[in-house]
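**Q** In the working numbering, the protein residues as written are 21 to 241. One structure follows; several queries about it will come next.
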Ligand SMILES: Cc1cc2nc3c(=O)[nH]c(=O)nc-3n(C[C@H](O)[C@H](O)[C@H](O)COP(=O)(O)O)c2cc1C
């Protein structure tokens, strides 16, 4: 086994400065996501989602971002899954992208709500048929007796719905509305760049009235 204590890497690809970053974290995120896609990093749209259960224990899993705008970051899943149950009890969650080749991380925290039925319907019906059947076939996060259960369920729902599976009532989207963003760029000698954006106090006179007003701060690495 390789010595884990000796595994280390120097990060030297780029820098992230106050001057060169956007004042709006959404624009900064859009730029970095596009750069990750352009650089053809593996699965640039994969993000880790952290939720917290009623027992106060955190849990994480990977999901795919399916959209983002000023309203928040969207992904799709099974509402009855572990993450769905945890979000039903506690809507605060965190997301993390790690674009290894670019030596970049984005962390996003906020409050989660379900997207509208119309939005979930539109996305569901844009998916390939086997994915739509899969949404019916998998009782996500439940214990099953074997893989055969999934294969049998897929065959059963495939025969039942043929080419027109409706969206399952337990399947749809979530949107995380960010109140805190962090952008991390690896630098030499562990002196990494970290910029955090947090919502400004919304007291009288805050912001321009055209959108949220963000405070950008540098954090020690
Ligand atoms: C690259 C990747 C992308 C994934 N995308 C999704 C997704 O968009 N939605 C989803 O429900 N699960 C997705 N999964 C599976 C989840 O990581 C996880 O196994 C599943 O959602 C069950 O999580 P839970 O039991 O914590 O609710 C993905 C897994 C990987 C590795």
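We treat Cβ as the ideally placed atom computed from N, Cα and C, and that holds for glycine. Since the structure is predicted, the reported quantities are computational estimates derived from the model, not experimental observations.
For residue 79, which of 69, 85, 88 has the nearest alpha-carbon?
**A** Reading the chain shown from its first residue, position 59 is the one you call residue 79. Closest option to residue 79, Cα to Cα, is 69.
**Q** Just jot down, in chain order, the residues whose CB lies closer than 7 Å to any heavy atom of ligand 1.
**A** 63, 66, 79, 81, 82, 83, 84, 95, 96, 97, 98, 101, 102, 103, 104, 160, 161
**Q** Closer than 8 Å is the cut-off here; do at least three beta carbon pairs connect the region 127-143 with the region 184-193?
**A** yes
**Q** Consult DSSP for residue 45 and reduce its assignment to one of helix, strand or coil.
**A** The residue labelled residue 45 in the question sits at position 25 within the chain shown. Reduced to three states, the DSSP call for residue 45 is helix.
**Q** For my contact list, residue 86 and residue 99 are in at a C-beta cut-off of 8 Å; report their separation, rounded to the angstrom.
**A** Within the chain shown, numbered from 1, the residue matching residue 86 stands at position 66. Within the chain shown, numbered from 1, the residue matching residue 99 stands at position 79. Wrong, their Cβ atoms sit about 15 Å apart, outside the cutoff.
**Q** To which residues of the same chain is residue 121 closer than 7 Å at the C-beta, ignoring the five residues directly before and after it?
**A** Residue 121 sits at position 101 when you count from the first residue of the chain shown. 59, 61, listed in sequence order.
**Q** Which full runs of the alpha helix (DSSP H) of 4+ residues lie inside the region 141-229, going along the chain?
**A** 149-157, 167-181
**Q** Have a look at 219, 240, 241 and flag the residue whose alpha-carbon is nearest the alpha-carbon of residue 45.
**A** Here residue 45 refers to the residue found at position 25 when the chain shown is read from its first residue. Residue 219 is the option with its Cα nearest to residue 45.
**Q** Checking the sheet assignment: what are the DSSP bridge partners for residue 67?
**A** Counting from one through the chain shown, the residue named residue 67 turns up at place 47. When beta bridges are read from the DSSP output, residue 67 appears opposite 83.
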